[in-house]
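Asks: Dumping the structure here so I can ask a few things about it.
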DNA sequence: TATTATTTTTTACAAATGATAAAAACGACA
DNA sequence: TGTCGTTTTTATCATTTGTAAAAAATAATA
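Chains as they are written, first to last, in UniProt numbering: chain A, 1 to 187; chain B, 1 to 187.
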């Protein structure tokens, strides 16, 4: 997915404003397995995914807990770095070879203060993610692991094909053993 | 909490911009038990809480699932109405007599397009909520109910005093019986 | 292809949580 | 204060999920 489409998919921008963002992006590629963002560091860039798939995870008592998958067209941020300019708690790992666009956060923040269209575009970005995240939170509050897995199969079937099940399990908040049981039962 | 402080607590605004928002707010009061926002309707206002406490909940198979508590200084929105101008999935119930400030969403949207400071203020509002919500999601993914209850006790002790335990239980994603067990065990 | 490493499934048992019903505690109010 | 309705706790049993270890399947590499 090219950078113009990614930016406009968040919210349609006037040509001039969109160009201001694009001028500041740099295409980068990294191989599968690369750790793009490290937990406990201040991340100074955001990334748009042109191609590939990534996961965000936190480490908890030696285990990785995956809480987000990003695919083509989506935006990678280190939440605390982006929102509060503090060290983030999550790491980002590339699950496939990826093509990304890098954009420096400081530059983006400048544009937010200079261009009202970009400010509203940034607002839309946060709002859309907020809605999605809240829906996931609510869903996790009353659906069983089996229901959540079914939901995932239905909404993002491509994910299960491309991502190993251990990551899916932790994304669902259950163990791999438990997911395996659910899969056996459903078939 | 007065309206000036509430607005500035999200992000400090220039006097003129803040005034533009405040001019469009109307103080309203409702009694405990009032349903401020109804699920499955398009909500045309947002509310700032001057005084009182509210809960946001969705209905699932006859049971209320509380997913958010709002107290003085916080902002009440119907997420889908606010972000997508569609009917919301949640209801808002006042758990105490409340004093609120009402602001029409259409007016706020106009201000977003007219005033870059307000646009960035709205961005900050969404970003802060996004960060908080994501943290809650991550926490729920690997903490047990007992740990989440302890966390709640520690972070918002006043909540447990003022809100009935059935609401707390559903907020934690467990049954009231299960919460009661946890409480008995902890003491 | 053969070998090795990684991922997924299976098994057995333990712990946590859910469902249901009843008892106890609490609060509102006549 | 006494009564009634609501909330919280307790008890019992069923179900789900976790833990640990091993087997099976799959993927990576020489």
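Cβ coordinates follow ideal geometry from the N, Cα and C atoms, glycine included.
1) Is the distance from the Cβ of residue 93 (chain A) to the Cβ of residue 35 (chain A) below 7 Å?
2) Going by DSSP, what residues sit across from residue 101 (chain B) in a beta bridge?
3) I'd like to know whether the C-beta of residue 79 (chain A) is nearer than 7 Å to at least one C-beta of chain B.
4) For residue 66 (chain A), which option in A:41, A:95, A:80, A:52 has the closest C-alpha, if you only look at C-alpha atoms?
5) Any idea if residue 261 (chain A) is buried or exposed, counting beta-carbon neighbours within 10 angstroms, 16 or more meaning buried?
6) Could you say which of B:77, B:45, B:44 lies nearest to residue 55 (chain B) if we only look at CA atoms?
7) Report back the beta-carbon spacing between residue 169 (chain B) and residue 175 (chain B) to the nearest angstrom; my notes put them in contact at under 8 Å.
8) Please report the residue range of the beta strand (DSSP E) in which residue 56 (chain B) lies.
9) List, in chain order, every chain A residue whose beta-carbon is nearer than 7 Å to that of residue 127 (chain B).
10) Please classify residue 12 (chain A) as buried or exposed, where buried requires at least 16 neighbouring CB atoms within 10 angstroms.
11) With distance defined between alpha-carbon atoms, name the residue in A:17, A:20, A:141 nearest to residue 59 (chain B).
12) Within this structure, are the beta carbons of residue 116 (chain A) and residue 119 (chain B) separated by less than 7 Å?
13) For residue 188 (chain A), count neighbouring Cβ atoms within 10 angstroms of its own Cβ and tell me buried if that reaches 16, exposed if not.
14) Residue 175 (chain B) CB to nearest chain A CB: under 7 Å?
15) Does DSSP put residue 78 (chain A) in a helix, in a strand, or in coil?
16) Counting contacts by CB-CB distance shorter than 7 Å, is residue 19 (chain B) in contact with chain A?
17) By the DSSP assignment, the alpha helix (DSSP H) with residue 122 (chain B) in it spans what residues?
18) So, are the CB atoms of residue 125 (chain A) and residue 53 (chain A) less than 7 Å apart?
19) Buried or exposed: where does residue 7 (chain A) fall if 16 or more other Cβ atoms within 10 Å of its Cβ makes it buried?
20) Consult DSSP for residue 106 (chain B) and reduce its assignment to one of helix, strand or coil.
21) Using the C-alpha atoms, what's the distance from residue 90 (chain A) back to residue 135 (chain B)?
22) Contact criterion: CB-CB distance below 7 Å. Does residue 58 (chain B) meet it with respect to chain A?
23) Is it a yes or a no for the segment 69 to 89 of chain B touching the segment 41 to 48 of chain B, going by three-plus beta-carbon pairs under 8 Å?
24) Judging by CA-CA distance, which residue of A:23, A:80, A:167 is the nearest neighbour of residue 68 (chain A)?
25) Quick one: what's got a C-beta closer than 7 Å to residue 32 (chain A)'s C-beta in the same chain, skipping five residues either side?
26) Should residue 50 (chain B) go down as buried or exposed, given a rule of 16 or more other Cβ atoms within 10 Å for buried?
27) I'd like to check one pair, residue 149 (chain A) with residue 165 (chain A): are the Cβ atoms closer than 7 Å?
28) Does the distance from the C-beta atom of residue 25 (chain B) to that of residue 113 (chain B) stay below 7 Å?
29) Can you list the residues of chain B that residue 119 (chain A) reaches, using a CB-CB cut of under 8 Å?
30) Between residue 101 (chain B) and residue 3 (chain B), is the Cβ-Cβ spacing less than 7 Å?
31) In chain order, what residues of the same chain lie with their CB nearer than 6 Å to the CB of residue 195 (chain A), ignoring the 5 residues before and after it?
32) Check whether chain A comes within 7 Å of residue 164 (chain B), counting only Cβ atoms and requiring the distance to be less than that.
Replies: Per the coordinate set shown:
1) yes
2) B:27, B:48
3) yes
4) A:95
5) Only positions 1 to 187 of chain A appear in the structure, and residue 261 (chain A) is not among them; the question remains open.
6) B:77
7) 6 Å
8) 53 to 60
9) 83, 126
10) exposed
11) A:141
12) yes
13) Only positions 1 to 187 of chain A appear in this structure, which leaves residue 188 (chain A) out of reach.
14) no
15) coil
16) no
17) 116 to 142
18) no
19) buried
20) helix
21) 11 Å
22) yes
23) yes
24) A:167
25) 94, 95, 96, 97
26) buried
27) no
28) no
29) 116, 119, 120, 123
30) yes
31) The requested residue 195 (chain A) does not occur in the structure, where chain A is confined to residues 1 to 187.
32) no
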